[in-house]
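Trainee:
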Amino acid sequence: MSPRRVALLKGGPSLEREVSMRSAARVEDALERLGLEYSSIDVGRSLLDDLEAAAADVAFVALHGRGGEDGTVQELLEIIGMPYTGSGVLACMRCMDKVLTKHMLLEAGLPTPEFFAFSEIAFKELGAGEALPAIEDRLGFPVVVKPAAQGSALGIRFAKEAEDVPEALIAAFSYDDRVLLERHVEGRELAVSLLESEGEPTALPVVEAKPRQEYFFDFDARYEIGKTDFVCPADLPADVTARVQEVALDTYRLLGCFGFARVDMILSADGEPQVLEAQAIPGLTETSLLPQAAEAAGISFDQLVNVMLEQALARSGAAPAQAG
Amino acid sequence: MKDRHQTTSHEIERYAGLFARRTQHMRSSAMRDLMAITARPDVISLAGGLPDTSSFPPDTFAGLMERIARESCAAALQYGPTEGFHETKVRIGEVMAAEGMRADPDDIVVTTGGQQVIDLVTKTLIDPGDVVICEAPTYPGAVPTFSSYEADVIQIEMDSDGMRIDLLEETLEHLAREQRRPKFIYTVPTFQNPAGVTLSAPRRRRLVEIAREQELLVLEDNPYGLLRYEGEPLPPLYALDGGEYVLYLGTFSKILSPGIRLGWVTAPAPVLAKINLGKQAADLCTSSLTQHFVDAYFEDGRWRRYVSDLCAIYRQRRDAMLDALAEFFPREAEWTQPSGGLFIWATLPEFIDTADLLAKALREERVAFVPGSAAYVDGRGGSSMRLNFSGVDVNDIVEGIRRIGKVVDEQVSLFSTFGPTRQPRATPAPAEEAPGDLADVVELPRRRDERRAHGS
């Protein structure tokens, strides 16, 4: 079924606000072409009032980062009974938190690079600094230092040697009060987008990101045209593609995602994928990977947006929510 | 049929294939995205370079516009000459005279803000790979301009007396040995953006001599000269040189309004002629309406009074910021003591990257500043920040500095828990594009407790 009126949630105070605005601008164009009525809401203190005023029967969540992608907005939408696109509260929380994601992967026997996670309290009150040398020995250099909860590669540093670690930790702790130190796996950067149809998730063609210059697929490269080459479908042997897609699907199911998601991995030299993280609300900008993968599967951006809305309504039992 | 508005990634690639090579040098960044958040109303932003336009009397504005409507409606709505109206240039002459400069109206081109001067001068003088020399740190807004013309930018360290002329001379010698000749030196000699320091009188004289000796041009960017809060003014480079090798960039942005987008350039006739042609190609002419606005505003001489009112406001704000820095920043931090202008440059311990710190400051404390790396082309400046004291009131300045101090304190105390043996490298590794040993890291000197006049 098609929605009558869509509330498009965008922006907000997250550090990824601008990316969200770019995703939303593209969704707005698609909604217009689809002939759907919509109201765009820059989420803030008046979100509930704005939603009521929008009198929509479904919310399209084009938010990235904290607040919009971590279950917060989803919880509010649950409370007012408004159907919304994408994963529910719990899956959003699991995806946003890389430490939680990785612990779940480990427990389920899915491949992810070895890591150690610390909270700020561990350093400030429990003397965790003493443990750093042993961890570095164990993980080897370079070691990747990441904030637990931050998308878009903000705050991710490579520490090439021991003396780089404190600076990298300070950088990562700027984005979250928990960080992880992860073994650096050399390999190809792959992203597998998942899209559900009729309740079954399917892995879309694999995208490979090839940074043109940077050592690291950084924030800028992700959103700037011409800084990274994207190859879709990635040039991989059929069995490797199948394995990569299988791991992505397992990750999707494990985290309890709904509708769509993206799983980022490194394909190490031995041909084994290692899951780095999952995005509950992957970017929908012109350079984003989910739309590219969908396109490679013959699904236009408009169709993608439409499918996302249909999933949302189907999940809610097809009953249009009462406005407000 | 495909909708013409639909954008697919294939089309993106197709557009990217059409981009000029120089667009690869037009760098954008995560920082730009972060800066967009700083404009949110719940954020105290010390990041802008905004003058306080709220102090401009609305009645004066209304009166001026009404007069323009009555007396020169058609002309104000019409195109004007590329080089600007003669009357406007006469007003510009008055402003320059207030700083001891004499400029013939024929030597002036009125521009769309001072920024256009940087663009036009670079366009006129720079082929890809040509060298531009500027200060380290430099005005962050000049960097994308230089980059878009594929200039090779070399930055010369400053101390509390501005650009280190000894290092400039070393650099020029080095370039000469490599048979590379810089086309121009870009400098903000007075109350520099972002560092807030002022080039001393002896260095001014030497810089002008060097330009003559080596026959290279200096672009003197002077938006803040009239915003002096103490001490005696120093002669502009343009006054010392007489306009032979010094191009002068002036602007009404900081003494009247940035919204009117009115600046100017004076240059030797052959250079000015090329700049004028460049301007014609860029935008035909500067806004006729705002030139009429400036004429009307300057007619009764009230502008001097307004500038002195601004100085009173900004002096108070600067003092409030300096006091707040002393109170709320940790002892490991250092900052400059500007005698004028709009900015203070603060430097934190090296293990703090101010771009990351900005994320924390925005997220936890809703406060913003400009990370120092924006003022360098080579990835340096990472532990510094530019703080603006003109755009927000005293209460917000104090509260903003308190909040920044809090996040800095947290990082400093966290760092101390990583263990006593873990010290960061003494010198950060230069980024790949760093121009070798031409631009060694020399920190701005420690200016914490001493305040000095710039009358040397």
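Chains as they are written, first to last, in this note's numbering: chain A, 7 to 330; chain B, -14 to 441. Quick reminder that beta carbons are idealized off the backbone N, C-alpha and C, glycines included.
Can you list, in chain order, the stretches of the beta strand (DSSP E) that have 3 or more residues and sit fully within the segment 114 to 194 of chain B?
Mentor: DSSP runs (the beta strand (DSSP E)) wholly in the segment 114 to 194 of chain B: 116 to 121, 137 to 144 and 167 to 172.
Trainee: Kindly give me the distance between the Cβ atoms of residue 179 of chain B and residue 313 of chain B, rounded to whole angstroms, as I take these residues to be in contact under 8 Å.
Mentor: Going by Cβ atoms, the distance from residue 179 of chain B to residue 313 of chain B rounds to 20 Å, so no, they are not a contact pair.
Trainee: So, at 7 Å on beta carbons, what are the nonlocal neighbours of residue 181 of chain B in its own chain, with the 5 sequence-adjacent residues on each side left out?
Mentor: Excluding residues within five positions, the ones whose Cβ falls inside 7 Å are 321, 323, 326, 328, 329 and 330.
Trainee: At a CB-CB cut-off below 9 Å, which residues of chain B make contact with residue 144 of chain A?
Mentor: None at all; the shortest Cβ gap to chain B is about 16 Å.
Trainee: Under the rule that 16 or more other beta-carbon atoms within 10 Å means buried, what is residue 244 of chain A, buried or exposed?
Mentor: Answer is exposed; the Cβ neighbour count stays below 16.
Trainee: Under 7 Å Cβ-Cβ, which residues of chain B neighbour residue 180 of chain A?
Mentor: Those within 7 Å of residue 180 of chain A in chain B are 341, 342, 344 and 345.
Trainee: Where DSSP assigns a beta bridge to residue 478 of chain B, which residues make up the other side?
Mentor: Any answer about residue 478 of chain B is impossible in this case: the structure gives chain B only from -14 up to 441.
Trainee: Tell me where the alpha helix (DSSP H) around residue 210 of chain A begins and ends.
Mentor: Per DSSP, residue 210 of chain A belongs to no alpha helix (DSSP H) and is neither H nor E.
Trainee: Taking all protein chains shown into account, decide if residue 170 of chain A is buried (16 or more other Cβ within 10 angstroms of its Cβ) or exposed.
Mentor: Classification of residue 170 of chain A: buried, given that the 10 Å Cβ count is 16 or more.
Trainee: Considering just the uninterrupted stretch of the alpha helix (DSSP H) at residue 374 of chain B, what are its terminal residues?
Mentor: That residue, residue 374 of chain B, is in no alpha helix (DSSP H); it is neither H nor E in DSSP.
Trainee: Comparing the C-beta of residue 399 of chain B with each C-beta of chain A, is any distance below 8 Å?
Mentor: Interface residue, yes.
Trainee: Within this structure, are the beta carbons of residue 261 of chain A and residue 100 of chain A separated by less than 8 Å?
Mentor: Yes, the pair counts as a contact, with Cβ atoms nearer than the cut-off.
Trainee: Using the beta-carbon of each residue, which ones in chain A are nearer than 7 Å to residue 396 of chain B?
Mentor: Correct list: 176.
Trainee: Measure the beta-carbon distance from residue 192 of chain A to residue 274 of chain A and round it to whole angstroms, keeping in mind my assumption that it falls under 8 Å.
Mentor: About 7 Å; that satisfies the 8 Å criterion.
Trainee: If you pair each beta-carbon of the segment 145 to 157 of chain A with each one of the segment 198 to 217 of chain A, do three or more pairs fall below 8 Å?
Mentor: No, the segment 145 to 157 of chain A is not in contact with the segment 198 to 217 of chain A.
Trainee: Taking any Cβ of chain A, which residues in the segment 321 to 340 of chain B have a Cβ under 9 Å from it, in chain order?
Mentor: Listed by position along the chain: 335, 336, 337, 338 and 340.
Trainee: Leaving out the 5 sequence neighbours to the left and right, which residues in its chain are closer than 7 Å to residue 182 of chain A when beta-carbon positions are compared?
Mentor: Once the five neighbours on either side are set aside, the close Cβ partners of residue 182 of chain A are 153, 154, 155 and 156.
Trainee: Can a CB atom of chain B be found closer than 8 Å to the CB of residue 172 of chain A?
Mentor: Yes, contact with chain B.
Trainee: Within 8 Å (strictly less), CB to CB, does residue 283 of chain A reach chain B?
Mentor: No, its Cβ sits nowhere closer than 8 Å to a Cβ of chain B.
Trainee: By the 10 Å Cβ neighbour count, where 16 or more other Cβ atoms means buried, how is residue 53 of chain B classified, buried or exposed?
Mentor: So residue 53 of chain B ends up on the buried side.
Trainee: Would DSSP call residue 418 of chain B helix, strand or coil?
Mentor: With a pLDDT of only 39 at residue 418 of chain B, under the threshold of 50, the placement of this residue in the model should not be trusted; the figure read from the coordinates follows. Note: residue 418 of chain B maps to coil in three-state DSSP.
Trainee: Report the rounded CA-to-CA distance for residue 24 of chain A versus residue 203 of chain B, giving the unit in angstroms.
Mentor: Cα to Cα, residue 24 of chain A sits roughly 38 Å from residue 203 of chain B.
Trainee: Under 7 Å Cβ-Cβ, which residues of chain B neighbour residue 66 of chain A?
Mentor: Under the 7 Å cutoff, chain B gives no residues; its nearest Cβ is about 18 Å from residue 66 of chain A.
Trainee: Are residue 264 of chain A and residue 74 of chain A close, meaning C-beta to C-beta below 8 Å?
Mentor: Cβ distance not < 8 Å, so residue 264 of chain A and residue 74 of chain A don't count as in contact.
Trainee: Below 8 Å on the Cβ atoms is my guess for residue 108 of chain B versus residue 134 of chain B; work out the distance and round it to an integer in Å.
Mentor: Indeed, because the Cβ distance is near 6 Å, the residues count as touching under 8 Å.
Trainee: For the alpha helix (DSSP H) that residue 341 of chain B lies in, which residues bound it at each end?
Mentor: It spans 339 to 345 - the alpha helix (DSSP H) in which residue 341 of chain B sits, taken as one unbroken run.
Trainee: Roughly how many angstroms lie between the CA atoms of residue 129 of chain B and residue 333 of chain B, to the nearest whole one?
Mentor: C-alpha separation (whole angstroms): 25 Å.
Trainee: Could you check where the alpha helix (DSSP H) with residue 282 of chain B kicks off and where it finishes?
Mentor: Note, residue 282 of chain B: alpha helix (DSSP H), 273 to 284.
Trainee: Give the residues from the segment 299 to 316 of chain B that approach chain A closer than 8 Å (Cβ to any Cβ), ordered along the chain.
Mentor: Listed in sequence order: no entries.
Trainee: Between B:361, B:396 and B:347, which has its C-alpha nearest residue 23 of chain B's C-alpha?
Mentor: Answer by Cα proximity: B:347.
Trainee: Rounded to whole angstroms, what's the CA-CA distance from residue 146 of chain A to residue 62 of chain A? Just pull it up for me.
Mentor: Each residue's alpha carbon lies about 52 Å from the other.
Trainee: For residue 8 of chain B, does the three-state DSSP call read helix, strand or coil?
Mentor: Residue 8 of chain B: helix per DSSP, three-state reduction.
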